[in-house]
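Just so you know, the protein sequences line up as chains A and B, in that order. Quick note on the numbering used here: the first sequence kicks off at 793 and runs consecutively. Quick note on the numbering used here: the second sequence kicks off at 101 and runs consecutively.
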Amino acid sequence: MKSRRFQHFLWGLFVLLVCMFFAGCAARANRMIPSSYDLKNKHPCTVKVEVVGGRETHPLWTSQISDSAFTEALSSAIVQSGVFVAVVNDEKADYLLDVTILHYDQPVIGPKIGMGFDVNMVTRWELSKAGEYKRVWMDTVSTTYKTKLGEAILTERLQKANEGVVRTNIQEAIRRLSQIQL
Amino acid sequence: MRAWGILLIIISVFLAGCAGREPNPVSCYAPGDEKLSCESLKQQIGQLQSDMLALLPKTDKSFTNTLWAVGGVVATVPYLFIDMKDAERIEYEAFRRRHNRLLLMAGEKGCCLEGIKAEPIPALWQKKSEGGRSNGETPKL
């Protein structure tokens with residue numbers, strides 16, 4: 793009788809561990825904003841930002857990067873860096889900046905067993921002048937974020953890695969955006 | 101028996117990221133877009149609308165993914181079937197972005213878009229927050 797109870801307890805513990813292994817929290821926008829920028833030019837224009845390609849975090853699966861979190865982080869980064877004067881939400885903006893998340897890694901094993909691992913992200917950036925419907929600049933930004941050993945535990949590691957890779961991606965894209973002449 | 105179970109769990113965990121296909125989102129603009137005639141714009145907008153309509157039923161996988169995830173807690177293997185790549189939703193959103201941009205372009209050119217729905221399509225998350233569609237209803241853009 794006692795051993796049967798113990799078996800049930802072990803089974804419950806196993807289910808709980810499986811849930812903990814996979815569950816994740818969404819990457820937070822405020823942690824995706826770079827702290828420093830390398831700018832060549834600042835553009836005295838407004839911009840409208842639109843991001844596609846992100847995914848919502850499912851409570852029973854790993855941490856993801858959503859379109860809204862990426863948009864929020866990018867908008868803040870643009871304003872903070874000063875690469876554009878302001879981010880506006882209507883078509884009256886001078887430029888339209890369209891970002892497509894083409895790929896980002898979702899390692900399962902590395903983050904869970906505490907190893908250091910790399911997270912890669914590839915994004916496509918398209919800048920067009922509003923009203924002209926012609927691309928003035930397009931680039932593909934590929935960045936890698938290396939997580940350190942012992943940076944965080946279990947589910948939080950992937951969340952931090954996601955935030956880190958978006959941060960480096962935005963930082964690099966802003967650097968490239970500042971190099972163009974508008 | 102126990103060894104097989106452990107092996108199955110290990111394989112499942114390794115393959116978990118393989119579910120679903122990689123998305124292939126279209127670009128916002130194609131070369132020569134600014135030179136498109138009204139007829140070509142109308143044709144492209146109509147094509148994008150039918151592409152989106154075909155993708156729309158496959159964009160929400162939360163129900164099936166939840167089922168697989170719950171099943172996965174008990175038997176692990178169903179975890180393999182969770183589609184977290186969301187290819188259809190991402191492609192739909194990219195189509196929508198291009199559609200809305202072409203629509204703006206057509207509007208500024210003063211094109212007549214009779215015969216097709218000439219309204220910007222909101223993002224899927226915006227649609228959800230507006231209440232979504234009820235069960236049994238034909239999918240609408």
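Just so it is clear, CB atoms sit at the ideal spot from N, CA and C, and this is done for glycine as well.
Taking a C-beta distance under 8 Å as the contact criterion, aspartate 890 (chain A) and glutamate 918 (chain A) qualify as a contact pair. Judged by DSSP secondary structure, threonine 915 (chain A) falls within the beta strand (DSSP E) whose first and last residues are 910–921.
Relative to isoleucine 966 (chain A), the option among A:Arg797, A:Arg820, A:Glu924, A:Val841 whose CA is nearest is A:Val841. For valine 843 (chain A), the closest of B:Phe195, B:Lys217, B:Val170 by C-alpha to C-alpha distance is B:Phe195. From the beta-carbon of methionine 205 (chain B), the residues of chain A found nearer than 7 Å are Tyr925. For glutamate 842 (chain A), the three-state secondary structure derived from DSSP is strand. By the Cβ neighbour-count rule, leucine 167 (chain B) is exposed, with fewer than 16 other Cβ atoms within 10 Å of its own. By the rule that beta-carbons nearer than 8 Å mark a contact, arginine 949 (chain A) does not touch chain B. Residue pairing for methionine 930 (chain A): DSSP places it in a beta bridge opposite A:Glu918.
Counting only runs of at least 4 residues, the region 166–240 of chain B fully encloses the following alpha helix (DSSP H) elements, listed from N- to C-terminal order: 187–209, 224–229. C-alpha of threonine 960 (chain A) to C-alpha of leucine 950 (chain A): approximately 15 Å in a straight line. Residue contact with chain B for valine 933 (chain A): absent (no Cβ-Cβ distance below 8 Å to any residue of chain B). Cβ atoms of threonine 915 (chain A) and alanine 885 (chain A) stay farther apart than 8 Å, at about 20 Å.
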